[in-house]
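First up is the structure itself, then whatever we jot down about it.
Residue numbers (the working numbering): 9 to 295.
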């Protein structure tokens, strides 16, 4: 049973069994995202899903964690998701957690009662790509929602009792909006107060509309030292409680990890230490 490439999962799902129940992304309009640009969105039939789960048992019957791919599996009907969760917990006796990507528009399309039902059925983690809290950045990147809607989407997941992992992208505002990107992203994340927060750094791939904007000069990328300043401003503006923070993705110029806001002072000191160093361009990726 082969997967349709490309196949993506969050770094924290490295040891999870990946079951691919949809192909591509239900939104797939973000100008920075290259993940599914050449992969039309398609939902597998129930028979295909059942066959894929049966295959998954042959390689991971003792799986404790299962991640449902591709992008935005939460776009499936709640009835289908509930049936899937029931099947997974029946078929995998050691299963402790089922997780998936959830796009903000797909979350908002669910009634609160539906999200509560998914929580009760065993949906244990949703990954939400917030990307930015700036209205201008979200609009330019064609994320499909505004900051208020992003806060509402994250809040609905949390209110349903489903742990939430939010993602932000350093540099997504470019050189023009980097301060706004940092401050407004902090405002949105503060409004959600997720259990987990991951910070990635913008990488521009050739098959994205953003690549054309960079080439034309319409979008100016941030230098590593500005990424550092943006990260400092973001962290300094966060007011979270018991949020596990990670900035250790391969895209990042430097690695940071802690619990916010408990470790905020330590993280800011680490950034100031890097800022005080006289780094050459080639040194940044070695941090």
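All C-beta atoms, glycine included, are put in the ideal place defined by N, C-alpha and C.
When you compare each of 31, 188, 254 to residue 271 by their alpha carbons, which one comes out closest? Among 31, 188, 254, the Cα nearest to that of residue 271 belongs to 254.
Buried or exposed: where does residue 194 fall if 16 or more other Cβ atoms within 10 Å of its Cβ makes it buried? With 16 or more Cβ atoms within 10 Å of its Cβ, residue 194 is classed as buried.
Along the beta strand (DSSP E) that carries residue 131, what are the first and last residues, could you check? 131-139
Own chain, CB closer than 8 Å to residue 274, minus 5 neighbours either side, in chain order: 266
From the DSSP secondary-structure annotation, give me the bridge partner or partners of residue 26. Within the DSSP bridge table, the entry for residue 26 names 75 as partners.
Pick from 160, 145, 125 that is closest to residue 113, judged by C-alpha positions: 160
So which of 228, 84, 279 has the shortest CA-CA distance to residue 243? Of the candidates 228, 84, 279, the one whose C-alpha sits nearest the C-alpha of residue 243 is 279.
Pairing CB atoms from the stretch 174-185 with CB atoms from the stretch 124-139, are three or more of them under 8 Å? Counting C-beta pairs closer than 8 Å gives three or more between the stretch 174-185 and the stretch 124-139, which meets the contact rule.
From the DSSP secondary-structure annotation, give me the bridge partner or partners of residue 177. 208
Within 10 Å of its beta-carbon, does residue 87 have 16 or more other beta-carbons around it, so buried, or fewer, so exposed? exposed
Do the CB positions of residue 150 and residue 33 come within less than 7 Å of each other? no
Can you give the beta carbon distance from residue 126 to residue 170, rounded, assuming they're within the 8 Å contact cut? 7 Å
Among the residues of its own chain, which have a CB less than 6 Å from the CB of residue 30, if the five just before and after it don't count? 51, 78, 81
Thinking C-alpha only, which one of 239, 28, 131 is nearest residue 15? 28
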